[in-house]
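A.B. asks: Protein sequence lines, in the order shown, are assigned to chains P and S. With our numbering, letter number 255 in the first sequence gets 266, and the count goes up by one each step, no holes. With our numbering, letter number 165 in the second sequence gets 176, and the count goes up by one each step, no holes.
2 protein chains.
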Amino acid sequence: MIASIKKIALVGGTHGGELTGIFLIKKFKQYPHLIQRYGFESIAFISNEKAVEVGTRYIDIDLNRAFNCQDLKNPQLINYEQSLAKKIAQRIQQEKIDLVIDLHSTTSNMGLTVILHGDNPDLLKMAGYLTQTNSKVRILQHELNKQSSYLISSAELGVTIEVGAVANGVLDAKLFQETENLVYAILDYLEADKKGQPLPVPPSFTYYSAIGTVDYPRNEQGKIQAMIHPQLQFQDYQPLNPGNPIFITFDGEEIFYQGDETVYPVFINEAAYYEKGTAMCLTKAVRN
Amino acid sequence: MIASIKKIALVGGTHGGELTGIFLIKKFKQYPHLIQRYGFESIAFISNEKAVEVGTRYIDIDLNRAFNCQDLKNPQLINYEQSLAKKIAQRIQQEKIDLVIDLHSTTSNMGLTVILHGDNPDLLKMAGYLTQTNSKVRILQHELNKQSSYLISSAELGVTIEVGAVANGVLDAKLFQETENLVYAILDYLEADKKGQPLPVPPSFTYYSAIGTVDYPRNEQGKIQAMIHPQLQFQDYQPLNPGNPIFITFDGEEIFYQGDETVYPVFINEAAYYEKGTAMCLTKAVRN
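#1: Counting pairs of beta carbons, one from the segment 249-257 of chain P and one from the segment 124-138 of chain P, are three or more of them closer than 8 Å?
#2: Sort P/D271, P/K37, P/H240, P/Q249 by Cα distance to P/E264 and report the nearest one.
#3: Under 8 Å, with one C-beta from each stretch per pair, do the segment 134-147 of chain S and the segment 88-95 of chain S reach the 3-pair mark?
#4: Output the distance between the C-alpha atoms of S/K40 and S/D271, rounded to the nearest integer angstrom.
#5: Just to confirm, are P/A282 and P/T118 a CB contact at a threshold of 8 Å?
#6: Within 8 Å (strictly less), CB to CB, does P/F187 reach chain S?
#7: Please list the residues of the segment 219-244 of chain P that have a C-beta atom closer than 7 Å to any C-beta atom in chain S, keeping them in chain order.
#8: Chain S partners of P/L182, CB-CB under 7 Å?
#9: Would you kindly report the start and end of the unbroken alpha helix (DSSP H) that includes P/M137?
#10: In or out: P/K157 buried (at least 16 other Cβ within 10 Å) or exposed?
#11: Listing by chain order, which chain P residues have their CB less than 8 Å from the CB of S/T300?
#12: When the distance is taken between beta carbons, is S/R68 closer than 8 Å to S/G27?
#13: So S/G32 is in the alpha helix (DSSP H); what residue range does that whole segment cover?
#14: Roughly how many whole angstroms lie between the Cα atoms of P/A196 and P/V174?
#15: Taking buried to mean at least 16 other C-beta atoms within 10 Å of its own C-beta, is P/F78 buried or exposed?
#16: Is P/Y219 near P/Y200, with beta carbons less than 8 Å apart?
#17: Is P/T67 helix, strand or coil by DSSP?
#18: So, is S/Q87 buried or exposed, given that buried needs 16 or more other C-beta atoms within 10 angstroms?
#19: With three or more C-beta pairs closer than 8 Å as the rule, is the segment 104-112 of chain S touching the segment 102-109 of chain P?
#20: Run through the segment 241-280 of chain P for me and flag every whole beta strand (DSSP E) of 3 or more residues, listed as ranges in chain order.
#21: Specify the secondary structure class of P/A14 as computed by DSSP and reduced to three states.
#22: Run through the DSSP bridge pairs and tell me what S/L123 is partnered with.
#23: For chain P, check one thing: does any of its Cβ atoms lie closer than 8 Å to the Cβ of S/T67?
#24: Between the alpha carbons of S/T31 and P/T289, how many angstroms are there, rounded?
#25: Measuring CA to CA, which of P/I16, P/Y227, P/I36 is closest to P/G24?
#26: Can you check which of these residues, S/V22, S/Q244, S/Q236, is closest to S/L114 by C-alpha distance?
#27: In three-state DSSP terms, what is S/Y200?
#28: Rounded to whole angstroms, what's the CA-CA distance from P/E60 to P/I99? Just pull it up for me.
#29: Strictly below 9 Å CB to CB, what residues from chain S border P/A55?
#30: Which of the three DSSP states is assigned to P/S164 in this structure?
#31: Does P/Y136 pass the burial test, meaning 16 or more other C-beta atoms within 10 Å, or should it be called exposed?
#32: Name the residues in the segment 273-296 of chain S whose C-beta lies less than 9 Å from a C-beta of chain P; which are they?
#33: For S/F34, decide whether its Cβ has a neighbour in chain P, counting only Cβ atoms nearer than 8 Å.
#34: Against P/K107, what residues of chain S qualify as contacts under a CB-to-CB distance less than 9 Å, listed in chain order?
#35: Quick one, are the C-beta atoms of P/N179 and P/E29 less than 8 Å apart?
#36: Please tell me whether S/Q236 and S/I279 are closer than 8 Å, where the distance is taken between their beta carbons.
The structure is reproduced here in structure tokens:
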């Protein structure tokens with residue numbers, strides 16, 4: 012699959028407040044030679060210009076939940092992001108983009124997370140390679156969902172990059188540089204493959220497979236009643252064992268994890284997920 | 012001045028995304044006995060309910076820049092926050108609030124900062140007391156400005172609390188609890204004063220006096236051309252010496268501090284200050 016890639020799109024600003032990807036894409040647009048490699052073409056664009064301008068995640072709805080195949084065909088869905096998703100999906104088809112790399116940031120301590128959907132062995136190998144380029148690289152795998160509404164689902168192949176912890180509206184220079192280097196590592200890996208000189212993939216590596224989400228404790232009106240426990244804050248990808256503290260109420264009462272096996276939470280305390288009913292995602296660690 | 016305080020207002024949600032103060036005020040409204048002390052009355056309210064609901068800093072303009080005395084009298088200023096500022100200022104007058112404590116959070120590493128305007132010796136002593144209650148307490152002093160447009164300027168006495176680093180839209184449990192304890196320490200200090208049993212103030216302590224601001228390097232179109240240098244990120248209240256790195260461009264070129272004496276930057280990389288042309292505020296350390 013990777014061998015057949017002819018054109019790549021690097022995307023940023025799918026969420027308007029996530030400056031790392033936005034400023035990286037601006038740099039790539041200004042200096043397009045930075046993303047050109049042997050064997051395939053690369054373009055870069057900001058997906059939600061209006062949200063970037065306003066500095067908010069979105070105008071009407073989350074653009075990164077607007078790419079469901081049925082929704083894209085539905086002429087009644089015409090709000091700002093719904094219309095925008097249709098334009099972007101069309102562009103990706105018309106320009107014959109084979110691979111989309113969508114650059115995000117998060118308030119969770121996700122390091123440099125490479126998110127894969129499904130179990131494409133080529134992309135998993137590539138992600139394995141990336142873990143060697145920076146110790147902060149983690150691989151998060153979701154099940155392939157044909158109803159996927161993410162932007163990356165508009166191309167045959169897609170990778171979402173999530174870097175953090177960083178606040179929305181803030182540029183963190185170190186994370187900017189690390190994300191830039193991660194993008195170059197992806198391009199270099201693909202180029203080496205095109206040249207028939209594949210870069211070395213570790214014989215074994217760990218990835219984290221999503222198994223579900225946990226919401227904040229809420230009252231009958233849906234108002235949250237507890238915060239992420241201080242011992243869990245910023246502990247993304249660390250083991251959470253049955254009985255470990257997970258939340259703390261506004262009165263200081265601790266709430267403990269009730270599962271029956273060790274899990275590895277990610278997206279802990281992501282700002283944008285309060286409204287989505289997600290305090291964290293749970294994963295299991297898989298040794299490849 | 013402190014001795015004459017009869018009524019206090021604890022305020023949160025002056026900026027809609029700053030959850031620490033918002034959830035603390037909600038707690039105080041639900042359990043008003045928590046903020047009652049001997050000798051004075053305390054009320055708590057959310058100042059910008061609409062921005063809190065939407066989860067943005069403001070709707071039309073920054074509410075915490077809308078309390079300029081002339082602006083409050085100007086009938087032509089009628090956007091959401093301009094109108095709201097008039098209502099809040101009127102309420103503070105009508106309810107005879109002597110002291111406003113406005114709870115904010117910041118993406119900068121400000122710890123538990125107590126901001127004072129002017130050199131009221133009573134408030135400075137109180138702030139000195141607070142430095143003993145948590146090692147993260149810092150005192151930031153601005154010159155008294157009669158054209159002040161901050162919410163606290165609508166009462167005779169005002170203190171702004173800025174806690175961080177925390178992303179907008181995120182509740183950090185430890186910071187929530189520390190801020191809550193800081194509020195109680197203020198109330199306890201005032202109560203002890205009322206009882207004629209003043210709490211001990213250290214004979215000498217440091218405060219940081221604001222001397223100016225530094226903007227990001229920008230191009231002719233006003234677009235930023237560099238980021239806070241990684242060595243300066245999260246180093247609020249640490250000495251910045253002439254020649255130390257201060258910014259780094261998107262190409263990795265370092266920019267150094269050109270001043271001729273050591274300063275102590277604060278509000279380094281605050282998300283909301285990109286639009287205000289402020290990469291950081293500079294202070295000098297003053298030993299009281």
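For each residue, glycine too, the CB sits at the ideal point set by N, CA and C.
C.D. replies: Based on what the coordinates show:
#1: Not touching, per the Cβ criterion.
#2: Position 253 of the first sequence, counted from the first residue, corresponds to residue 264 of chain P. In terms of CA proximity to P/E264, P/H240 leads the group P/D271, P/K37, P/H240, P/Q249.
#3: As far as the Cβ criterion goes, the segment 134-147 of chain S does not touch the segment 88-95 of chain S, which means the pair count is below three.
#4: Reading the second sequence from its first residue, position 29 is the one you call residue 40 of chain S. Reading the second sequence from its first residue, position 260 is the one you call residue 271 of chain S. When rounded, the distance between both Cα atoms is 49 Å.
#5: As a first step, residue 282 of chain P is located in the first sequence; it is residue number 271 there, counting from the start. As a first step, residue 118 of chain P is located in the first sequence; it is residue number 107 there, counting from the start. With respect to the 8 Å criterion, P/A282 and P/T118 are classified as neighbours on the basis of their beta carbons.
#6: Position 176 of the first sequence, counted from the start, is the residue given in the question as residue 187 of chain P. Yes, P/F187 lies at the interface with chain S (some Cβ there is under 8 Å from its Cβ).
#7: If the cut-off is 7 Å between Cβ atoms, the segment 219-244 of chain P has M238, I239, H240, P241, Q244 near chain S.
#8: The count along the first sequence starts at 1 and reaches residue 182 of chain P at position 171. Within 7 Å Cβ-Cβ: M238.
#9: Along the first sequence, read from residue 1 onward, the residue named residue 137 of chain P stands at position 126. It spans 132-142 - the alpha helix (DSSP H) in which P/M137 sits, taken as one unbroken run.
#10: Here residue 157 of chain P refers to the residue found at position 146 of the first sequence. Answer is exposed; the Cβ neighbour count stays below 16.
#11: Nothing in the structure corresponds to residue 300 of chain S, since chain S is present only between 12 and 299.
#12: Counting from one through the second sequence, the residue named residue 27 of chain S turns up at place 16. Counting from one through the second sequence, the residue named residue 68 of chain S turns up at place 57. Yes, the pair counts as a contact, with Cβ atoms nearer than the cut-off.
#13: Translated into the one-based positions of the second sequence, residue 32 of chain S becomes position 21. Unbroken alpha helix (DSSP H) run through S/G32: 30-41.
#14: The residue you call residue 196 of chain P lines up with position 185 of the first sequence. The residue you call residue 174 of chain P lines up with position 163 of the first sequence. Those two C-alpha atoms are separated by around 15 Å.
#15: Translated into positions along the first sequence, residue 78 of chain P becomes position 67. Classification for P/F78: buried.
#16: As a working mapping, residue 219 of chain P is identified with position 208 in the first sequence. As a working mapping, residue 200 of chain P is identified with position 189 in the first sequence. No; because the gap between Cβ atoms is not below 8 Å, this pair is not in contact.
#17: Here residue 67 of chain P corresponds to residue number 56 of the first sequence, with the count starting at 1. Coil at P/T67, not helix or strand.
#18: Within the second sequence, residue 87 of chain S is the residue found at index 76, counting from 1. Counting other Cβ atoms within 10 Å of its Cβ, S/Q87 stays below 16 and is therefore classed as exposed.
#19: Contact between the segment 102-109 of chain P and the segment 104-112 of chain S is absent, because fewer than three Cβ pairs lie under 8 Å.
#20: Correct list: 256-260, 265-267, 275-277.
#21: Counting from 1 along the first sequence, the entry for residue 14 of chain P is found at position 3. Correct three-state label for P/A14: helix.
#22: Residue mapping note: residue 123 of chain S aligns to position 112 of the second sequence, counting from 1. Its beta-bridge partners are S/V148, S/V174.
#23: For the purposes of this step, residue 67 of chain S is taken as the residue at position 56 of the second sequence. Yes, because at least one Cβ of chain P sits closer than 8 Å to the Cβ of S/T67.
#24: Your numbering for residue 31 of chain S matches position 20 in the second sequence. Your numbering for residue 289 of chain P matches position 278 in the first sequence. So the alpha carbons of these two residues sit roughly 19 Å apart.
#25: Numbered from its first residue, the first sequence carries residue 24 of chain P at position 13. Put simply, of P/I16, P/Y227, P/I36 the residue whose alpha carbon is nearest the alpha carbon of P/G24 is P/I36.
#26: Against the second sequence, residue 114 of chain S aligns to sequence position 103. The residue among S/V22, S/Q244, S/Q236 with its C-alpha nearest the C-alpha of S/L114 is S/V22.
#27: Mapped onto the second sequence, residue 200 of chain S falls at position 189. Residue state, collapsed to three classes: helix.
#28: In the first sequence, the residue the question calls residue 60 of chain P occupies position 49. In the first sequence, the residue the question calls residue 99 of chain P occupies position 88. Each residue's Cα considered, the two are about 12 Å apart.
#29: Locating residue 55 of chain P in the first sequence gives position 44, counting from the first residue. Per Cβ cutoff of 9 Å: no residues; P/A55 is ~14 Å from chain S at best.
#30: Sequence index remark: in the first sequence, residue 164 of chain P carries index 153 (1-based). Here P/S164 sits in helix by DSSP.
#31: Translated into the one-based positions of the first sequence, residue 136 of chain P becomes position 125. For the record, residue 136 of chain P in the displayed sequence is Lys; it is not Tyr. Using a 10 angstroms sphere on the CB of P/K136, the tally of other CB atoms reaches 16 or more, which defines it as buried.
#32: Per Cβ criterion, the list reads N280, E281, A282, A283, Y285, E286.
#33: Your numbering for residue 34 of chain S matches position 23 in the second sequence. Interface residue, yes.
#34: If you number the first sequence from 1, residue 107 of chain P lands on position 96. Listed along chain S is no residue with a C-beta nearer than 9 Å to that of P/K107; the closest approach is about 30 Å.
#35: Numbered from 1 along the first sequence, position 168 holds the residue referred to as residue 179 of chain P. Numbered from 1 along the first sequence, position 18 holds the residue referred to as residue 29 of chain P. It is a contact, given that the beta carbons lie within the stated cut-off.
#36: The residue labelled residue 236 of chain S in the question sits at position 225 within the second sequence. The residue labelled residue 279 of chain S in the question sits at position 268 within the second sequence. In this structure, S/Q236 keeps its C-beta atom at 8 Å or more from the C-beta atom of S/I279.
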